[in-house]
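Residue numbers (the numbering used here): 14 to 452. Just so it is clear, CB atoms sit at the ideal spot from N, CA and C, and this is done for glycine as well. All values derive from a computational prediction rather than experimental measurement. Input: a single structure, listed below in structure tokens.
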């Protein structure tokens, strides 16, 4: 029987080196940008619960719900203008979503921060008494400072553009990690194995790979939506959804009626705006500016996933009370709907309370991946030594240690930190009030 000789198949060198280049890409992306990825993830996780944290550090902003009904928007805006008589321009009233929440009056460009990239004035008003409880600038509170760090790295416009680039690099890092992890279909089950008896560094490496695979879909989704939130023009042009990105003011709708001595009130404008959407919830009301200005009433329909920033909007003429324009998400194109989904998907509010919790933990994974990957890199380069590990005993020790740390931290937070912060804020609040009275 003659021996059959098969031709020797030589793979191109660039295919043989592909894994090497992907490894270099993954390693150096992590070394150069890993700490920034971790910072963005941590600040994003905290920003998911921004309102809850703000209420925790500012208990005076919680309303004691009285038996009387809430005041009309006209009385609320009158109280705001009385407290800030020198601020001329549009005010936006953001209605509370809970009975004990404050109405927030937004003034986009206060004189104190007119040169800032984004620093509106936030005026908290008791909806039942009309009392102006507090006036704060965006970026000068802990939660808004953290959100600025997450969205622009505290670098204004440059930081916003840099964040878009970082979103693309994070996706590249995840894809390179996927490539390096993928074994083959035959060895797929082995790729999920954790070697807990092969030393500490092997355990760290296996956990790094498992955590990376488990969180990869979440990280890609967060990076993709974050990229387009930081640089919305690209997606808006692709989907023909210009002016519909998060934070866009929308169309400039002008009044066409003749000015008169009986302008439409806020309450009347809301009544008119809810005509086409009787089951909707009023979220924001923006006052008109100048004779050509119109009321902008932002509503939320039952089927909208946007909780904080819904897209149902009605523009009402301030002089005639007629509807000048309507924006109804139910009639959006597929591209427009896709664009409006970016913000609620990125923040997790599209998936409810459980989705926000999942997103919170997903935001922690870049920091864990960075630490475990950096430890492995140090080991590979001889900076740290491996050691044996008894996983069972170590797990028990870690659990006991975590319980002790949680107990100590809880005691410290509730008995020391919160009372101290509350006292400092109260003193600062009284001092600000005293200065305002002197002025």
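With a cutoff of 8 Å on beta-carbon distance, residue 321 and residue 362 are scored as near each other. If you ignore the 5 residues before and after residue 203, its C-beta comes within less than 8 Å of the C-beta of 196, all in its own chain and listed in chain order. Residue state for residue 292 is assigned as coil, using DSSP reduced to three classes. Going by C-alpha positions, residue 212 is about 30 Å away from residue 231. Burial is judged here by how many other beta carbons sit within 10 angstroms of a residue's own beta carbon; residue 279 has at least 16 and is buried.
In this structure, the CA atom of residue 52 is about 9 Å from the CA atom of residue 166. For residue 328, the uninterrupted beta strand (DSSP E) run begins and ends at 325–330, by DSSP. Around the Cβ of residue 153, a 10 Å sphere holds fewer than 16 other Cβ atoms; the residue is exposed. Counted as a single uninterrupted DSSP element, the beta strand (DSSP E) harbouring residue 135 occupies residues 134–138. In terms of Cβ geometry, residue 159 and residue 59 form a close pair [threshold 8 Å]. In the three-state reduction of the DSSP assignment, residue 147 falls in the strand class, which pools E and B. Within the region 140–193, the complete alpha helix (DSSP H) segments at least 4 residues long are 155–165, listed from N- to C-terminus. In the structure shown, residue 130 falls within a coil segment according to DSSP collapsed to helix, strand and coil. For residue 117, the uninterrupted beta strand (DSSP E) segment begins and ends at 116–120. Put simply, the backbone Cα of residue 311 is about 9 Å away from that of residue 286. Rounded to the nearest angstrom, the gap between the Cα atoms of residue 342 and residue 255 is 14 Å. For residue 299, DSSP records a beta bridge to 105, 309. For residue 203, the secondary structure class from DSSP, reduced to helix, strand or coil, is helix.
Within the model, the alpha-carbon separation for residue 42 versus residue 235 is close to 18 Å.
Nearest neighbour of residue 90 by Cα position, chosen from 34, 392, 297, turns out to be 297. For residue 340, the enclosing beta strand (DSSP E) stretches over residues 336–340.
Between the region 237–244 and the region 161–181 there are three or more inter-stretch CB-CB distances shorter than 8 Å, so the stretches are counted as touching. DSSP, read as helix, strand or coil, puts residue 48 in helix. Per DSSP, residue 124 is not a residue of any alpha helix (DSSP H), being assigned neither H nor E. Nearest in C-alpha terms to residue 82, of all of 104, 71, 112, is 112. Contact between the region 330–342 and the region 360–375 is not established, with fewer than three Cβ pairs separated by less than 8 Å.
The straight-line gap separating the alpha-carbon atoms of residue 273 and residue 309 is approximately 20 Å. Cβ contact annotation for residue 247 (same chain, cutoff 8 Å, sequence separation greater than five): 241, in chain order.
Under the three-state reduction of DSSP output, residue 66 falls in the helix class.
For residue 383, the enclosing alpha helix (DSSP H) stretches over residues 365–393. Relative to residue 123, the option among 114, 98, 141 whose CA is nearest is 98.
Taking 8 Å as the cut-off, the beta carbon of residue 290 is found no closer than this to the beta carbon of residue 326. In the assembly as shown, residue 34 is an exposed residue. Its beta-carbon has fewer than 16 other beta-carbons within 10 Å. Look at the beta carbons and you see the region 390–404 touching the region 213–221: at least three pairs across the two are nearer than 8 Å.
Cβ-Cβ separation between residue 143 and residue 84: approximately 5 Å, consistent with a contact (criterion under 8 Å). In the structure shown, residue 211 adopts coil according to DSSP, grouped into three states.
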